[in-house]
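Numbering (my numbering), first residue to last: 27 to 444.
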């Protein structure tokens with residue numbers, strides 16, 4: 027966590043400590059082996075809540091993460107729950123992608139609502155992580171931010187996507203692009219990210235990742251303001267499109283959210299760039315409703331860490347049916363739904379293994395050594411997932427208003443993170 031985030035977090039924590047309701051009743055909780063109550067667990071239910079950036083200053087929203095989690099928990103209920111207990115899903119708190127609100131949401135869910143776990147947690151601002159770790163709250167989300175890499179109570183549904191030294195880096199992005207570009211030999215890439223903690227870690231990670239795959243990295247900077255989308259991209263495009271010895275790289279790699287990508291991709295196309303454009307964000311049929319957005323994202327290859335919706339498997343058909351049932355109608359699918367769904371899925375799998383006597387301790391014991399295979403995110407392994415991703419991914423390309431698979435879902439050997 028950056029010094030600025032720590033300062034914000036400390037200030038908010040001081041305020042909340044003075045006002046939070048820390049004496050809520052434990053009535054309705056079950057008893058653990060020692061006779062004590064278990065937060066959020068009763069004889070017939072397990073209470074779970076989420077934290078999601080549903081609103082942001084840039085207009086980007088992850089609200090469908092909540093729908094994805096609800097869809098998976100609804101199916102668990104229909105199948106009889108977890109050892110006879112239903113999942114009492116409270117829905118997701120909106121943190122507005124704000125550090126103070128993220129911490130406040132975590133405190134509310136634990137201290138007032140008394141949840142057993144938080145699933146999903148989906149925000150680039152995860153200032154509540156230290157609090158949740160200290161309170162021993164199992165927390166599930168997409169491991170694209172550092173707090174999901176290392177802490178014992180944090181679980182990335184695809185493992186740790188932003189590893190720390192001693193961990194590994196998945197090679198699904200650069201290896202997938204080899205299929206698109208006909209290999210990496212003699213190929214150059216420029217990587218751009220936001221000026222925040224997530225962007226800094228992303229640059230550090232993908233600079234190593236693409237170089238290890240044989241690409242020449244000509245540009246790698248986290249310089250785009252994270253608080254607002256630039257109205258003028260010329261300073262960035264000028265640097266990027268001259269980064270390979272005065273000429274454009276073969277690929278432009280963006281590690282930013284959709285509003286930024288629309289601006290950047292539009293700018294580089296107007297500047298005459300004809301190479302490959304790729305990002306890990308814009309897999310969302312809802313984006314295709316506006317012609318300007320379709321034009322900006324046309325041709326872009328998008329990294330997925332899960333099976334593409336276009337892939338016809340039994341798991342994918344079940345996912346689509348669950349989402350349709352939870353939404354009450356046919357809705358366009360997006361990656362946020364998958365984030366919520368797979369966060370809930372991993373929580374349910376570990377809770378099932380923990381057995382009827384569910385406590386934080388029995389849950390953690392079940393998590394240690396947990397593994398399964400063939401899921402929509404590949405083969406899941408714990409505790410390995412605290413240090414490395416599960417190593418699987420695919421690329422889809424938006425072309426003519428439709429997504430097509432440009433590199434099939436596959437698992438790759440990771441590399442050490444330095």
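Using N, Cα and C, we set each Cβ at its ideal position, and we do this for glycine too.
Item	Value
CB contact flag (residue 74, residue 143, <8 Å)	yes
Straight-line gap, residue 122 to residue 211 (C-alpha atoms, nearest Å)	42 Å
Residue from 269, 164, 189 whose Cα sits closest to the Cα of residue 215	269
Own chain partners of residue 131 with C-beta closer than 6 Å, once the 5 adjacent residues on each side are dropped	77, 119, 121
Distance, residue 167 Cα to residue 145 Cα	7 Å
Distance between beta carbons of residue 213 and residue 466, contact taken as under 8 Å	The question about residue 466 has no answer here: the residues shown for the chain are numbered 27 through 444.
Residues bridged to residue 97 (per DSSP)	According to DSSP, residue 97 bridges with nothing at all.
Beta-carbon spacing of residue 283, residue 84 below 8 Å	yes
Supposed contact pair residue 431 and residue 416 - C-beta distance, whole angstroms, cut 8 Å	About 19 Å separates the two Cβ atoms, so there is no contact after all.
Straight-line Cα distance separating residue 207 from residue 126	43 Å
Under 8 Å between C-beta atoms of residue 433 and residue 420	yes
Host alpha helix (DSSP H) of residue 264 (start-end)	260 to 266
Buried or exposed (CB count within 10 angstroms, at least 16 for buried), residue 192	exposed
Residue(s) in a DSSP beta bridge with residue 231	Looking at the DSSP assignment, residue 231 forms no beta bridge with any residue, so it has no partner.
Whole-angstrom distance between residue 301 and residue 151, CA atom to CA atom	32 Å
Reference residue 435; option with closest CA among 442, 333, 374	333
Contacts around residue 260, its chain only, beta-carbon distance under 8 Å, and the 5 residues preceding and following it disregarded	293
Whether residue 183 touches residue 317 by CB criterion (8 Å)	no
Inter-residue Cα distance where the pair is residue 65 and residue 387	12 Å
Rounded Cβ spacing between residue 204 and residue 217 (contact assumed at less than 8 Å)	Their Cβ separation, rounded to whole angstroms, is 16 Å, which puts residue 204 and residue 217 out of contact at 8 Å.
Residue 185 and residue 169 closer than 8 Å at C-beta	yes
Identity of the residue in 339, 262, 196, 320 nearest residue 418 by Cα	196
C-beta atoms of residue 148 and residue 79 nearer than 8 Å	yes
Coil, strand or helix - residue 183 by DSSP	strand
Spatially closest choice to residue 258 from 296, 105, 281, by CA coordinates	296
Separation of residue 164 from residue 133, as counted between CA atoms	14 Å
7 Å CB neighbourhood of residue 291 in its chain, flanking five on each side removed	303, 322, 323, 326
Member of 89, 408, 239, 228 whose CA lies at the smallest distance from the CA of residue 250	228
Nonlocal neighbours in the same chain, by C-beta distance under 6 Å from residue 103, ignoring five residues either side	112
Opening and closing residue of the alpha helix (DSSP H) in which residue 282 lies	Run containing residue 282: none; DSSP gives neither H nor E here.
Alpha-carbon spacing of residue 472 relative to residue 314, whole angstroms	With the chain represented from 27 up to 444, any question about residue 472 goes unanswered, as that position is not in the structure.
Other residues of its chain near residue 267: CB distance less than 7 Å, five sequence neighbours each side excluded	274, 294, 297, 299
Span separating the alpha-carbon of residue 137 from that of residue 156	15 Å
Extent of the continuous beta strand (DSSP E) to which residue 436 belongs	428 to 437
Residues near residue 109 in its chain [Cβ-Cβ closer than 6 Å; skip 5 each side]	382
Start-end ranges of the beta strand (DSSP E) lying completely within the region 141 to 222, minimum 3 residues	143 to 148, 165 to 167, 180 to 182, 214 to 220
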